[in-house]
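K.L.:
Taken in sequence, the protein lines are chains V and Y. Residue 273 in the numbering used here sits at position 273 of the first sequence, and the numbers go up by one each step. Residue 120 in the numbering used here sits at position 120 of the second sequence, and the numbers go up by one each step. Positions of the beta carbon are idealized from the N, C-alpha and C atoms, including for glycine.
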Amino acid sequence: MTSMNRRTFGKLALGTASLLAAPTILTRNAWAQGKEIQVGIWGGAQGEYVRSSIVPQFEADFGCTVITEEGFTLANVEKMRATRSNPQFSVMFIDDVAIPIARDEGLIAELPLDQMPASEMLFDRFNFGGYGTGLAISVASLFHNTSVTPPDSYGDLWDPKWAGKIKLVSPKNTPSVFFLIVAAALKTGKPFSEAQYEIGNAFDKVAELKPNVLNIFDNGPVAVGEVAQGQADIGFLELSKYVYPYTAQGAPVTMSFPKEGSFAGNNSQVLVKDGPNQDLAVAFMNRMLESDVQKAFSEFALTAPPVAGIEFSEEASKYMVYPDTAMDSAGLFTPDWEFVNANRAAWTEELNGIFSV
Amino acid sequence: MTDSVISLPIRILVLLLLLVIVAPLAVPMLMAFSDTPFLTFPPQGFTLRWFERVLFGPEAQTSFLFSLQLAFLATITALLLGVPAAAALVRYEFRGRSAIIGLMLSPVIVPLIVTGVALLQMFSSLGWGDTLTQLVIGHAVVCLPYVVRSVTASFVLVNRDLEDAAAVMGAPPHKVLTKIVWPQVRPGILAGAVFSFVVSFDDYPISMWLADGRHFPIPLYLHGLLERSIDPSIAAISTLVILFALLLVVVIEKVFGISIARLAT
Numbered sequence: 001m002t003s004m005n006r007r008t009f010g011k012l013a014l015g016t017a018s019l020l021a022a023p024t025i026l027t028r029n030a031w032a033q034g035k036e037i038q039v040g041i042w043g044g045a046q047g048e049y050v051r052s053s054i055v056p057q058f059e060a061d062f063g064c065t066v067i068t069e070e071g072f073t074l075a076n077v078e079k080m081r082a083t084r085s086n087p088q089f090s091v092m093f094i095d096d097v098a099i100p101i102a103r104d105e106g107l108i109a110e111l112p113l114d115q116m117p118a119s120e121m122l123f124d125r126f127n128f129g130g131y132g133t134g135l136a137i138s139v140a141s142l143f144h145n146t147s148v149t150p151p152d153s154y155g156d157l158w159d160p161k162w163a164g165k166i167k168l169v170s171p172k173n174t175p176s177v178f179f180l181i182v183a184a185a186l187k188t189g190k191p192f193s194e195a196q197y198e199i200g201n202a203f204d205k206v207a208e209l210k211p212n213v214l215n216i217f218d219n220g221p222v223a224v225g226e227v228a229q230g231q232a233d234i235g236f237l238e239l240s241k242y243v244y245p246y247t248a249q250g251a252p253v254t255m256s257f258p259k260e261g262s263f264a265g266n267n268s269q270v271l272v273k274d275g276p277n278q279d280l281a282v283a284f285m286n287r288m289l290e291s292d293v294q295k296a297f298s299e300f301a302l303t304a305p306p307v308a309g310i311e312f313s314e315e316a317s318k319y320m321v322y323p324d325t326a327m328d329s330a331g332l333f334t335p336d337w338e339f340v341n342a343n344r345a346a347w348t349e350e351l352n353g354i355f356s357v
Numbered sequence: 001m002t003d004s005v006i007s008l009p010i011r012i013l014v015l016l017l018l019l020v021i022v023a024p025l026a027v028p029m030l031m032a033f034s035d036t037p038f039l040t041f042p043p044q045g046f047t048l049r050w051f052e053r054v055l056f057g058p059e060a061q062t063s064f065l066f067s068l069q070l071a072f073l074a075t076i077t078a079l080l081l082g083v084p085a086a087a088a089l090v091r092y093e094f095r096g097r098s099a100i101i102g103l104m105l106s107p108v109i110v111p112l113i114v115t116g117v118a119l120l121q122m123f124s125s126l127g128w129g130d131t132l133t134q135l136v137i138g139h140a141v142v143c144l145p146y147v148v149r150s151v152t153a154s155f156v157l158v159n160r161d162l163e164d165a166a167a168v169m170g171a172p173p174h175k176v177l178t179k180i181v182w183p184q185v186r187p188g189i190l191a192g193a194v195f196s197f198v199v200s201f202d203d204y205p206i207s208m209w210l211a212d213g214r215h216f217p218i219p220l221y222l223h224g225l226l227e228r229s230i231d232p233s234i235a236a237i238s239t240l241v242i243l244f245a246l247l248l249v250v251v252i253e254k255v256f257g258i259s260i261a262r263l264a265t
């Protein structure tokens with residue numbers, strides 16, 4: 001007899017509950033029979049779970065077809081732009097950073113939350129102005145080889161003892177914005193919420209880190225694997241959803257949370273403006289927020305749900321900051337993305353100038 | 001040149017060069033046997049379970065078979081378009097010939113990621129919903145330059161005197177084509193087909209824009225696996241792809257009787 005792991009259990013629980021409710025659901029959802037929607041999802045563990053567990057159950061419940069297409073935030077936004085005249089997607093998964101951009105370009109529609117009963121449990125902070133909801137919350141912070149004692153403060157990473165031992169996140173990746181906020185906070189002595197507006201004056205602080213940087217990484221899971229193998233001592237910085245799957249499998253790598261605080265990585269969903277079968281799209285988005293789906297999804301991907309009222313096992317709780325009060329206690333910070341988006345191109349250019357060979 | 005005239009220093013240099021080329025391929029092949037739940041080098045322990053997981057995993061199988069199907073269809077399409085185009089470009093002088101050559105070779109010059117998003121935009125504007133058709137067209141576009149270049153080179157080298165002689169001796173056009181022209185251009189067409197197949201099979205940037213969950217080529221699957229997998233499955237599937245490429249080379253040499261060195265030239 002083999003032991004059942006948390007992922008298998010999650011899928012089994014979700015499947016059993018849905019099977020018992022099947023006859024009622026099929027009658028109630030007759031309106032959706034034969035309809036089809038295309039959903040742009042993420043890659044990685046989250047995408048795998050959506051594709052292999054959530055979508056098949058949703059298709060069975062609604063008698064519909066959901067075509068998934070894996071991508072990442074910037075590519076998904078570009079797909080919405082490219083198909084704007086004749087939208088192919090109905091729902092798109094993107095990070096919260098891109099929601100203001102997509103909204104301002106008219107790529108996404110305001111959510112009919114009154115048709116999404118599961119959104120009643122949504123924490124206010126993950127209702128992004130009515131144009132998207134959170135789906136999975138990760139923590140962005142330092143990750144390190146377990147043979148290394150991590151610093152208590154981000155400022156310690158500028159110490160020469162870390163020379164050539166740090167892997168720094170690429171300007172291409174969203175966590176690089178978090179790195180810039182850290183640098184600005186260290187230079188100004190201000191909290192993240194104020195320091196984010198002073199990034200433009202903090203690039204001298206950024207440049208001072210250069211001797212300690214071994215290399216720049218743009219693939220989180222690969223970087224985590226390299227730190228686990230001891231190729232670098234510490235990673236500055238990455239989302240927990242890329243780190244904790246390694247930790248949970250016994251790899252010698254984990255996360256640490258310096259005293260200045262950490263950052264929230266908010267994976268979100270949006271409704272594509274004028275996308276096909278909007279009613280079915282809204283039903284799918286609602287399904288993504290339902291408690292049993294969110295519980296299984298979170299335990300699979302080791303992320304925190306954006307909805308209240310979910311109980312997790314002690315093992316799963318180790319890897320997530322939940323509920324919202326715990327996020328506040330942990331000092332999880334979400335940047336002002338509108339300000340960030342307006343300045344990011346210039347910051348990226350500065351970063352490239354500093355770290356290019 | 002025979003082995004006897006190759007000096008020892010040259011042999012050593014060639015050996016070193018081969019090592020430099022092959023060594024990076026050996027790393028994932030060795031990692032694939034590591035008995036650890038995450039990628040590590042040098043490998044620790046020995047297991048074949050990652051190969052078992054990949055070979056019997058339905059997603060990997062589906063993606064691999066779909067990539068074979070896609071590469072085959074894209075190659076056929078590129079050959080159907082590229083061979084007549086190459087023949088016409090070599091044998092006829094007409095207005096706009098240079099522009100057509102430039103247009104056909106442009107997918108090699110323009111970044112593929114740009115070509116991919118442009119194709120997505122075009123298909124969306126036209127309302128073409130069939131993903132397989134979109135992918136075949138997209139891949140054929142990027143494969144076409146390889147077919148045109150190699151087939152053009154073959155047609156340039158065709159001895160026209162032989163064709164004239166055959167015609168004078170009474171051979172009908174289809175006999176001239178099959179008995180005189182075909183043997184001379186066959187290596188070029190086969191080289192174009194091989195390059196086309198490999199380019200399509202390896203393509204990521206075009207597929208990234210045009211694929212969906214039902215049509216998911218192996219490079220996208222590998223990329224996804226790299227994002228989510230922390231175990232040596234990715235090394236196992238990389239090993240299988242490398243072995244597949246080697247098998248392809250052997251098949252071409254043994255079945256078609258054309259050496260890779262000849263294809264390359």
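1) Mind checking the stretch 51–62 of chain V against chain Y and listing, in chain order, the residues whose C-beta falls within less than 7 Å of any C-beta there?
2) For the pair the stretch 68–77 of chain Y and the stretch 188–203 of chain Y, tell me if three or more CB-CB distances fall below 8 Å.
3) With a cut-off of 8 Å, do at least 3 Cβ pairs link the stretch 80–100 of chain Y to the stretch 145–155 of chain Y?
4) Could you pull out every unbroken alpha helix (DSSP H) segment of at least 4 residues lying fully inside the stretch 202–257 of chain V, listed in chain order?
5) Quick one, are the C-beta atoms of Ser207/Y and Leu135/Y less than 8 Å apart?
6) For a test of your reading of the model: does the CB of Glu227/Y fall under 7 Å from any non-hydrogen atom of the ligand MN? Yes or no.
7) Between the Cα of Ser119/V and those of Ala140/V, Thr68/V, Ser291/V, Gln229/V, spot the shortest distance and give me the residue it belongs to.
8) Rounded to whole angstroms, what is the Cα-Cα separation between Ala308/V and Ala264/V?
9) Would you mind working out which of Thr77/Y, Asp164/Y, Trp182/Y sits nearest Phe197/Y, comparing C-alpha positions?
10) Return the chain-ordered ranges of every beta strand (DSSP E) run that is complete within the stretch 28–74 of chain V and spans a minimum of 3 residues.
11) Go ahead and pull the three-state DSSP assignment for Met1/V.
12) So Phe66/Y packs on Thr47/Y, CB below 8 Å; how close in whole Å?
13) Buried or exposed: where does Lys295/V fall if 16 or more other Cβ atoms within 10 Å of its Cβ makes it buried?
14) Hey, Gly40/V and Lys79/V are a contact pair by Cβ (cut 8 Å); roughly how many whole angstroms apart?
15) To the nearest angstrom, report how far apart Val141/Y and Leu8/Y are at their CA atoms.
16) Report back the beta-carbon spacing between Phe217/V and Ser170/V to the nearest angstrom; my notes put them in contact at under 8 Å.
17) In its own chain, which residues sit with a C-beta less than 7 Å from the C-beta of Glu110/V, not counting the 5 before and 5 after it?
18) Would you list, in chain order, the members of the stretch 103–127 of chain Y that have their beta-carbon closer than 7 Å to a beta-carbon of chain V?
19) From Ser193/V, Ala281/V, Ile310/V, Ile354/V, pick the residue whose C-alpha is nearest to that of Gln38/V; which is it?
20) Hey, how far is the Cα of Ser176/V from the Cα of Phe38/Y?
21) Taking the continuous alpha helix (DSSP H) assigned at His139/Y, which residues delimit it?
22) Do you know whose CA, among Glu350/V, Ala283/V, Ala304/V, Ile354/V, lies nearest Asp114/V's CA?
23) In terms of alpha-carbon separation, which member of Lys318/V, Thr174/V, Ile199/V, Asn173/V lies closest to Ala184/V?
24) My guess is that Glu260/V and Val182/V are in contact by the Cβ rule of under 8 Å, so how many angstroms apart are they, rounded?
25) Taking the C-alpha atoms as reference points, what is the distance between Val227/V and Asp61/V?
26) Beta-carbon separation of Asn212/V and Ile166/V under 8 Å?
27) From the DSSP output, which residues share a beta bridge with Thr133/V?
28) Between the stretch 57–75 of chain V and the stretch 309–325 of chain V, do at least 3 Cβ pairs fall closer than 8 Å?
29) Within the 8 Å Cβ cut-off, does Gly34/V reach chain Y?
30) Taking only three categories from DSSP, how would you classify Asp203/Y?
31) Apart from the five residues on each side of it in sequence, which residues of its chain come closer than 8 Å, Cβ to Cβ, to Glu350/V?
32) How would you call Asn159/Y, buried or exposed, if buried means at least 16 neighbouring beta carbons within 10 angstroms?
33) Exposed or buried, what is Trp31/V when buried is set at 16 or more other beta-carbons lying within 10 Å of its beta-carbon?
34) For the beta strand (DSSP E) holding Phe64/Y, just list the boundary residues, first then last.
35) So, does the CB of Ala140/Y fall closer than 8 Å to a CB anywhere in chain V?
36) Can you give the Cα-Cα distance for Pro258/V and Tyr154/V, rounded to whole angstroms?
P.N.:
Checking against the coordinates, here is how it stands:
1) Arg51
2) yes
3) yes
4) 203–208, 220–228, 240–248
5) What you label residue 207/Y is simply residue 207 of the second sequence in a count that begins at 1. What you label residue 135/Y is simply residue 135 of the second sequence in a count that begins at 1. Cβ distance < 8 Å, so Ser207/Y and Leu135/Y count as in contact.
6) With respect to the ligand MN, the structure offers nothing, as it holds no ligand at all.
7) As a first step, residue 119/V must be located in the first sequence, where it is residue number 119. Nearest of Ala140/V, Thr68/V, Ser291/V, Gln229/V to Ser119/V, Cα basis: Ser291/V.
8) Residue 308/V sits at position 308 when you count from the first residue of the first sequence. Residue 264/V sits at position 264 when you count from the first residue of the first sequence. Cα to Cα, the separation comes out at about 17 Å.
9) As a working mapping, residue 197/Y is identified with position 197 in the second sequence. The candidate whose alpha carbon is nearest that of Phe197/Y is Thr77/Y.
10) 36–42, 65–71
11) Counting from 1 along the first sequence, the entry for residue 1/V is found at position 1. Because the pLDDT of Met1/V is 37, which lies under 50, any placement of that residue in the model is unreliable, and the number read from its coordinates should be weighed accordingly. Looking at Met1/V - three-state DSSP - the assignment turns out to be coil, as it is neither helix nor strand.
12) Sequence index remark: in the second sequence, residue 66/Y carries index 66 (1-based). Sequence index remark: in the second sequence, residue 47/Y carries index 47 (1-based). At roughly 28 Å, the Cβ-Cβ gap does not stay under 8 Å, so Phe66/Y and Thr47/Y are not in contact.
13) The residue given as residue 295/V occupies position 295 in the first sequence. Result: buried.
14) Sequence index remark: in the first sequence, residue 40/V carries index 40 (1-based). Sequence index remark: in the first sequence, residue 79/V carries index 79 (1-based). About 6 Å separates the two Cβ atoms, so the contact holds.
15) Counted from its first residue, the second sequence places residue 141/Y at position 141. Counted from its first residue, the second sequence places residue 8/Y at position 8. Looking at the two C-alpha atoms, the distance is approximately 45 Å.
16) Here residue 217/V corresponds to residue number 217 of the first sequence, with the count starting at 1. Here residue 170/V corresponds to residue number 170 of the first sequence, with the count starting at 1. Their Cβ separation, rounded to whole angstroms, is 6 Å, which keeps Phe217/V and Ser170/V in contact under 8 Å.
17) For this step, residue 110/V is matched to residue 110 along the first sequence. Gly130, Tyr131, listed in sequence order.
18) Val117, Leu120, Gln121, Ser124, Ser125, Gly127
19) As a working mapping, residue 38/V is identified with position 38 in the first sequence. Per the Cα distances, Ala281/V.
20) For this step, residue 176/V is matched to residue 176 along the first sequence. For this step, residue 38/Y is matched to residue 38 along the second sequence. Ser176/V and Phe38/Y: Cα-Cα distance of roughly 26 Å.
21) Counted from its first residue, the second sequence places residue 139/Y at position 139. 131–157 is the span of the alpha helix (DSSP H), which, as asked, contains His139/Y.
22) Taking the first residue of the first sequence as 1, we reach residue 114/V at position 114. Nearest of Glu350/V, Ala283/V, Ala304/V, Ile354/V to Asp114/V, Cα basis: Ala283/V.
23) Here residue 184/V refers to the residue found at position 184 when the first sequence is read from its first residue. Answer by Cα proximity: Ile199/V.
24) As a position in the first sequence, residue 260/V is number 260, starting the count at 1. As a position in the first sequence, residue 182/V is number 182, starting the count at 1. Confirmed, Cβ separation roughly 7 Å.
25) Against the first sequence, residue 227/V aligns to sequence position 227. Against the first sequence, residue 61/V aligns to sequence position 61. Going from the Cα of Val227/V to the Cα of Asp61/V covers about 43 Å.
26) Residue mapping note: residue 212/V aligns to position 212 of the first sequence, counting from 1. Residue mapping note: residue 166/V aligns to position 166 of the first sequence, counting from 1. Going by C-beta atoms, Asn212/V is nearer than 8 Å to Ile166/V.
27) The sequence position of residue 133/V within the first sequence is 133, counting from 1. According to DSSP, which records beta bridges pairwise, Thr133/V is partnered with Asn127/V, Gln269/V.
28) no
29) Here residue 34/V refers to the residue found at position 34 when the first sequence is read from its first residue. It does not; no Cβ of chain Y falls within 8 Å.
30) By one-based count along the second sequence, residue 203/Y stands at place 203. Coil, per DSSP.
31) Sequence index remark: in the first sequence, residue 350/V carries index 350 (1-based). Counting only Cβ-Cβ distances below 8 Å, and skipping sequence neighbours, we find Phe203, Val206.
32) Within the second sequence, numbered from 1, the residue matching residue 159/Y stands at position 159. The residue is exposed, with fewer than 16 neighbouring Cβ atoms inside 10 Å.
33) Taking the first residue of the first sequence as position 1, residue 31/V is located at position 31. That one is exposed.
34) Locating residue 64/Y in the second sequence gives position 64, where the first residue counts as 1. Counting along the chain, Phe64/Y falls outside any beta strand (DSSP E), though it belongs to the alpha helix (DSSP H) covering 58–91.
35) Position 140 of the second sequence, counting from 1, holds the residue named residue 140/Y. Answer no: the Cβ-Cβ gap between Ala140/Y and chain V never drops below 8 Å.
36) Reading the first sequence from its first residue, position 258 is the one you call residue 258/V. Reading the first sequence from its first residue, position 154 is the one you call residue 154/V. Cα to Cα, Pro258/V sits roughly 6 Å from Tyr154/V.
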